[in-house]
Amino acid sequence: MKFKILAFLLTAAASASLLAYGLFRGEITKVLYNGALL
Amino acid sequence: MPFLRRRIYQALGTVLPNSYVQGFLTASLYQGPLKGVCTPLFNCYACPSALFSCPIGTIQHFAATGKVPFYAAGTMAVVGASVGRMTCGTLCPFGFLQDILYKIRTWKGRLPGWASWLRYAALAVLVFLIPAVTHVHWFSRLCPMGTLSAGLPWVAMSGSIRAMIGSLFWVKIGILLLFATSSVLVKRPFCRAACPLGAIFSLFNRSSFLQLAWNPDTCTRCGKCRKICPVDIRPDYNPTNPECLRCWDCTRCPSLKMTTVLARNPFGLPGMAEGRGAEILPGTSSG
Numbered sequence: 150m151k152f153k154i155l156a157f158l159l160t161a162a163a164s165a166s167l168l169a170y171g172l173f174r175g176e177i178t179k180v181l182y183n184g185a186l187l
Numbered sequence: 607m608p609f610l611r612r613r614i615y616q617a618l619g620t621v622l623p624n625s626y627v628q629g630f631l632t633a634s635l636y637q638g639p640l641k642g643v644c645t646p647l648f649n650c651y652a653c654p655s656a657l658f659s660c661p662i663g664t665i666q667h668f669a670a671t672g673k674v675p676f677y678a679a680g681t682m683a684v685v686g687a688s689v690g691r692m693t694c695g696t697l698c699p700f701g702f703l704q705d706i707l708y709k710i711r712t713w714k715g716r717l718p719g720w721a722s723w724l725r726y727a728a729l730a731v732l733v734f735l736i737p738a739v740t741h742v743h744w745f746s747r748l749c750p751m752g753t754l755s756a757g758l759p760w761v762a763m764s765g766s767i768r769a770m771i772g773s774l775f776w777v778k779i780g781i782l783l784l785f786a787t788s789s790v791l792v793k794r795p796f797c798r799a800a801c802p803l804g805a806i807f808s809l810f811n812r813s814s815f816l817q818l819a820w821n822p823d824t825c826t827r828c829g830k831c832r833k834i835c836p837v838d839i840r841p842d843y844n845p846t847n848p849e850c851l852r853c854w855d856c857t858r859c860p861s862l863k864m865t866t867v868l869a870r871n872p873f874g875l876p877g878m879a880e881g882r883g884a885e886i887l888p889g890t891s892s893g
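Protein sequences appear in the order of chains A and B.
Under the working numbering, the first residue of the first sequence carries the number 150, and numbering increases by one thereafter.
Under the working numbering, the first residue of the second sequence carries the number 607, and numbering increases by one thereafter.
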């Protein structure tokens, strides 16, 4: 049980960090640019 | 989650991200700020009615340009860490289509177990490796959802696009027909054997916040959960199976329940979940 909670907390923290770093780098604009290429 | 409610969510997952109707009327693509948002389901960039962006298309774009897709991967990871593969089971439009096609009454078969490894191969090879080497978005070029929601509408709407039809278009049509016809015979063939988005979300089923709990004390191992499961698995054997779409159809059985990773006793009694049975309850025999 504790292992499951720990696994979830680690996954959630890593996921949120990844997303925050992507947003910090302004990747939304790059995604928009990719859409505009089509 | 009641079955009808899931169908409503699937219909909303199909209609809402594709509600830019002007795209069809004016033969154009929406290019507003929402297009920068990755949805946790297939929402093809090139579909005239698409409001959002496809995460797989975005990841390929970054792979093709030699960059790491932190934002797209982070969005997928946050959704996966929260609900596992639930968006596949409750929102994805292509999953919805496959569920409907499977309703057609005819001979039914089962996919072999090894087929589920193919979606990881599709993720590694078609989404990361080949785009990184060739700088071309090969999964998007072959994606049956892209053919259905973007390729076919554009061919119908635009004479100049029709003039550009080549052999690749017929390969795409062939792939779409292959998955459409196989969906009549087996449950969700694309999700299980080819979907790279499903492959990403599969990795989170074990550690996601939402979990499926199984009660070994009330389960009679009747196998009805497998019958109603849209991917043919036995949730009683492994509630954290990476194949599980978290559609919650099996929770119609009282021995299976939607729960969270924080719930210690999802069925209300100590020890009645996670494979632990009556043997640890005080006053019961170990059988």
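C-beta: ideal position from N, C-alpha, C; glycine also.
Bear in mind that the values here come from a model prediction, so they are computed numbers and not experimental data.
The beta-carbon separation of residue 659 of chain B and residue 157 of chain A, rounded to 28 Å, does not stay under the 8 Å limit for a contact. A distance of 8 Å or more separates the beta carbons of residue 695 of chain B and residue 811 of chain B. Leaving aside the five residues that flank residue 732 of chain B on each side, the residues in its chain whose CB is nearer than 6 Å to its CB run, in chain order, 744, 745. Per DSSP, the unbroken alpha helix (DSSP H) holding residue 723 of chain B starts and ends at 723 to 727.
With at least 16 other beta carbons inside 10 angstroms of its own, residue 686 of chain B counts as buried. Boundaries of the alpha helix (DSSP H) around residue 830 of chain B: 830 to 834. Counting only residues of its own chain and dropping the five nearest sequence neighbours on each side, residue 859 of chain B has a CB closer than 6 Å to the CB of 831. The residue from B:616, B:661, B:675 with its alpha-carbon nearest to that of residue 167 of chain A is B:675.
It is roughly 13 Å from the alpha-carbon of residue 624 of chain B to the alpha-carbon of residue 644 of chain B. Sixteen is the threshold: when 16 or more other Cβ atoms of the shown chains lie within 10 Å of the Cβ of residue 794 of chain B, as they do, the residue is buried.
If you check each beta-carbon in the segment 629 to 658 of chain B against every beta-carbon of chain A, the ones closer than 7 Å belong to 635, 637, 641, 642, 644, 651, 652.
When secondary structure is reduced to three states using DSSP, residue 856 of chain B falls in the helix class. Sequence-distant Cβ neighbours of residue 641 of chain B in its own chain, meaning closer than 6 Å and more than five residues away, are 659.
Residues of chain A whose Cβ lies closer than 9 Å to the Cβ of residue 870 of chain B are, in chain order, 150.
Taking a Cβ-Cβ threshold of 8 Å, the residues of chain A close to residue 814 of chain B are 157, 160, in chain order. Chain A has no Cβ within less than 8 Å of the Cβ of residue 693 of chain B.
When beta bridges are read from the DSSP output, residue 866 of chain B appears opposite B:816. The continuous alpha helix (DSSP H) containing residue 153 of chain A extends over residues 151 to 173.
Contacts with chain A at 8 Å (Cβ-Cβ) do not include residue 762 of chain B. In chain order, 153, 154, 157 make up the part of chain A whose C-beta sits under 7 Å from the C-beta of residue 867 of chain B.
Residue 677 of chain B belongs to the set of residues whose beta carbon lies under 8 Å from a beta carbon in chain A. Between residue 848 of chain B and residue 759 of chain B, the CB-CB gap reaches or exceeds 8 Å. Assignment of residue 801 of chain B by DSSP, reduced to helix, strand and coil, places it in the coil class. Taken atom to atom, the span from the alpha-carbon of residue 682 of chain B to that of residue 614 of chain B is near 23 Å.
For the 8 Å CB-CB criterion, residue 816 of chain B and residue 852 of chain B form a contact. DSSP places residue 634 of chain B in the coil class of the three-state scheme, outside both helix and strand. Per DSSP, residue 749 of chain B has no beta-bridge partner at all.
Interface residue (Cβ-Cβ distance to chain A less than 8 Å): residue 733 of chain B is not classified as such. In its chain, beyond the 5 residues on either side, 817, 819, 872 have a beta carbon closer than 7 Å to the beta carbon of residue 865 of chain B. With at least 16 other beta carbons inside 10 angstroms of its own, residue 704 of chain B counts as buried. In the three-state DSSP reduction, residue 659 of chain B falls in the strand class (E or B).
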